[in-house]
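Count along the sequence shown starting at 1, add 3, and that's the number in this note's numbering.
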Amino acid sequence: MGLLTRAGAPILMTSKHDAARLALASIGAALALGASGAVFAQTSDPAAQIHRRVLTLDSHVDVLLPRTPPATPQAGLSQLRAGGVDAVVLAVFAPTGPPTPEGYAAARTEALAKLAAIKALVRDNPQDAELALSAADVPRIVGSGKIAVLVGFLNAYWLNGDVAGFDRLYADGVRVAGLAHAGNNAFADSSRPQAGAGEPNGGLSEAGKAAVRRLNDLGVLVDVSQLTPKGVFQTLEISRVPVVATHSDVRALVDATRNLSDAEIDAIARKGGVIQVTPFNAYLVPRPAGYDARLAALRQQYGLPPGAGDQGLAALEPSRQAGFLDAYRALYPRADLKQYVDHIDYIAKRVGVDHVGIGSDFNHGAGITGFADESEAPNLTRELVARGYTEAQIAQIWGGNFLRVLAAAEAARR
């Protein structure tokens with residue numbers, strides 16, 4: 004793709020639009036926005052100049068609803084503007100619940116509320132944000148001075164094996180989709196199953212395999228984050244085009260089940276895909292001694308079922324949700340920017356800079372010292388410069404690689 008800049012050509016963009024604080028009321032959903040001024044003052048700092056020039060894209064950010072902590076977003080429009088982040092994939096996500104009609108209905112309601120919030124964001128901020136429906140839309144929108152908003156989807160639990168549901172999601176603007184989150188579902192096994200659940204699908208179920216084929220046919224980029232290794236390899240075997248891991252880290256550096264093994268990284272790269280690295284403490288810092296027992300006690304204290312992930316969290320009152328999340332994050336030491344970029348380095352050195360990018364998972368537990376929210380994105384560029392990455396390579400990492408695989412997925416539509 005070459006050096007991808009904010010206007011799709013090598014130009015310097017020196018000013019940003021301000022973002023106003025709005026409450027989005029569509030079916031009760033909201034994305035909290037804050038006010039901001041210009042992103043960067045004029046500076047001779049080479050890293051800041053590079054950050055202004057390249058197109059920056061975050062491939063995975065959660066959507067906050069009114070009752071979802073934190074009250075202040077890590078990735079509202081004001082944070083994106085302040086950090087010079089030009090494009091974002093907002094994820095339509097709801098956690099895995101019980102395999103019952105009531106569970107599916109509750110998750111569907113939450114997911115559709117988030118989809119409505121994304122649509123309201125671009126509708127109510129026409130000078131600041133615009134919906135992108137293709138890879139080509141992104142540099143066009145960014146070149147006009149707006150933030151490009153792509154719609155992602157994570158966790159097909161509430162579709163309950165209905166492959167046709169992806170057609171409806173595509174019609175609603177979804178262009179990136181992952182089958183699972185914490186907890187297995189009718190499509191795929193999770194790398195973080197509920198306690199004792201195992202791998203009943205053997206990776207992907209028949210519905211999951213059909214979903215990968217259908218997503219290819221729709222031109223939707225398949226996301227393998229959260230899948231088991233079997234699920235990752237099966238997806239790569241089935242998919243006609245490259246895939247993405249929108250928010251994953253390196254298992255060789257930190258042995259967390261959510262992180263990707265060398266074999267998975269190699270296979271994704273051989274397919275032409277990209278691993279988007281996430282600043283999530285639990286995947287960047289080794290698990291402390293006694294962690295499992297402390298987590299089990301914490302979940303019991305808040306009346307949550309055993310295991311990992313978000314099971315039961317939605318039923319808590321907002322203040323108790325926030326209390327649990329604060330206590331959960333405190334179980335891990337806080338990672339820093341150097342530890343985060345170590346994972347980018349590892350992938351770049353192992354399979355090449357063409358196969359690594361940035362996916363924050365902000366608004367859902369991510370955030371480290373030096374990259375606590377989108378406003379601190381320039382710190383990441385500065386660390387990449389310090390490690391010897393060129394401007395062209397930084398442009399790839401910050402957005403070019405992701406847009407390349409998104410375009411490849413679109414080209415497979417039939």
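For every residue, glycine included, the Cβ atom is placed at its ideal position computed from N, Cα and C. Computed from a predicted structure; not experimentally measured.
Just how far apart, CA to CA, sit residue i and residue j?
i, j, result
"Tyr-335", "Tyr-286", "10 Å"
"Pro-291", "Thr-384", "29 Å"
"Ala-33", "Gly-368", "Annotation note: pLDDT 30 at Ala-33 (below 50); position unreliable, no value reported."
"Asp-65", "Leu-172", "17 Å"
"Asp-89", "Gly-355", "24 Å"
"Gly-37", "Asn-366", "Confidence at Gly-37 is low in this model, with a pLDDT of 30, below 50, so its placement is unreliable and the value that follows should be read with caution. Computed Cα separation, rounded: 15 Å."
"Asp-339", "Ala-380", "13 Å"
"Leu-406", "Gly-206", "27 Å"
"Gly-306", "Gln-197", "15 Å"
"Leu-83", "Ile-144", "15 Å"
"His-346", "Arg-353", "11 Å"
"Leu-136", "Asp-376", "25 Å"
"Asp-220", "Arg-417", "5 Å"
"Ala-411", "Val-388", "29 Å"
"Gly-155", "Asp-61", "11 Å"
"Ala-317", "Gly-373", "29 Å"
"Val-225", "Leu-153", "14 Å"
"Glu-133", "Asp-295", "43 Å"
"Gly-31", "Leu-115", "In this prediction, Gly-31 has a pLDDT of 28, which is less than 50 and means its spatial position is unreliable; nothing more can be read from the coordinates."
"Gln-304", "Arg-323", "11 Å"
"Leu-239", "Ala-151", "28 Å"
"Gly-370", "Asp-127", "28 Å"
"Leu-80", "Thr-99", "28 Å"
"Ala-174", "Lys-122", "13 Å"
"Asp-329", "Val-141", "35 Å"
"Gly-2", "Glu-202", "The requested residue 2 does not occur in the structure, where the chain is confined to residues 4 to 417."
"Ala-167", "Tyr-107", "16 Å"
"Arg-337", "Arg-390", "22 Å"
Let me check understanding here. Comparing Cα to Cα, which of the options lies closest to residue i?
i, options, result
"Ala-419", "Lys-233, Ser-208, Ala-414, Thr-59", "Any question about residue 419 goes unanswered here, given that the chain covers just 4 to 417."
"Gly-176", "Leu-230, Thr-238, Ser-147, Val-92", "Val-92"
"Lys-212", "Gln-237, Leu-319, Asn-188", "Gln-237"
"Gln-314", "Ala-50, Ser-62, Ala-97, Asp-89", "Ala-97"
"Ala-146", "Gly-373, Gln-304, Arg-55, Thr-372", "Checking the sequence shown, residue 146 turns out to be Gly, not Ala. Nearest option by C-alpha distance: Arg-55."
"Asp-364", "Gly-373, Pro-282, Val-388", "Pro-282"
"Val-288", "Ser-378, Ala-395, Val-227, Ala-333", "Ala-333"
"Asp-165", "Ala-398, Leu-153, Val-215", "Val-215"
"Ile-361", "Gln-396, Ser-81, Gly-402", "Gly-402"
"Val-277", "Pro-104, Gly-234, Pro-245, Lys-341", "Pro-245"
"Ile-400", "Thr-372, Glu-386, Asp-357", "Asp-357"
"Tyr-331", "Gly-100, Asn-284, Ala-351, Ala-151", "Asn-284"
"Ala-299", "Ala-272, Phe-327, Trp-161", "Phe-327"
"Phe-169", "Glu-202, Ala-210, Pro-142, Ala-272", "Ala-210"
"Ile-271", "Leu-319, Val-247, Ser-47, Glu-113", "Val-247"
"Arg-217", "Asp-127, Ala-151, Ile-241", "Ile-241"
"Tyr-160", "Val-141, Arg-126, Glu-105", "Glu-105"
"Ala-200", "Pro-101, Glu-386, Thr-46, Pro-142", "Pro-101"
"Trp-408", "Asp-329, Glu-386, Arg-273", "One point to set straight first is that residue 408 is Val, not Trp, in the sequence displayed. Cα-wise, what sits closest to Val-408 is Arg-273."
Go through its chain and collect everything with a Cβ distance to residue i's Cβ below 7 Å, but skip five positions before and after it.
i, result
"Ser-194", "Gln-229, Leu-230, Thr-231, Thr-260, Arg-261"
"Glu-267", "Pro-232, Val-235"
"Ser-47", "none"
"Val-257", "Tyr-286, Leu-287, Val-288, Pro-289"
"Thr-112", "none"
Tell whether a beta-carbon distance below 9 Å holds between residue i and residue j.
i, j, result
"Asn-418", "Leu-182", "This structure leaves residue 418 out entirely; the chain is present only between 4 and 417."
"Asp-252", "Val-227", "no"
"Asn-204", "Gly-234", "yes"
"Gln-396", "Ala-351", "yes"
Less than 8 Å between the CB atoms is what I'm expecting for residue i and residue j, so what's the real figure, rounded?
i, j, result
"Gly-275", "Glu-413", "About 14 Å; that fails the 8 Å criterion."
"Ser-208", "Ala-185", "Actually they do not touch by this definition, with Cβ atoms about 17 Å apart."
"Ala-255", "Tyr-349", "7 Å"
"Pro-249", "Val-359", "Looking at the sequence provided, one finds Thr at residue 249 rather than Pro. Between Val-359 and Thr-249 the Cβ distance is about 12 Å, and since that is not below 8 Å, they are no contact."
"Leu-118", "Val-95", "5 Å"
"Leu-68", "Ala-110", "About 13 Å separates the two Cβ atoms, so there is no contact after all."
Can you find the residues in the same chain that come closer than 6 Å, C-beta to C-beta, to residue i, ignoring five residues on each side of it along the sequence?
i, result
"Arg-302", "none"
"Glu-394", "Ile-53"
"Ala-78", "Val-64, Phe-365, Asn-366, Glu-377"
"Arg-297", "Leu-334"
"Glu-386", "Leu-340, Val-344"
Which same chain residues end up closer than 8 Å to residue i when comparing Cβ atoms and leaving out the 5 residues on each side of it in sequence?
i, result
"His-20", "Note that His-20 scores 31 on pLDDT, short of 50, meaning its location in the model is unreliable; the coordinates nonetheless yield the value given after this. Excluding positions up to five away in sequence, the list reads Arg-84, Gln-130, Asp-131, Gly-148, Lys-149."
"Ala-139", "Ala-410"
"Ala-415", "Asn-219, Asp-220, Gly-222, Arg-243, Val-244"
"Ser-264", "Pro-232, Arg-254, Ala-255"
"Pro-49", "Val-388"
"Asp-269", "Arg-353, Val-354"
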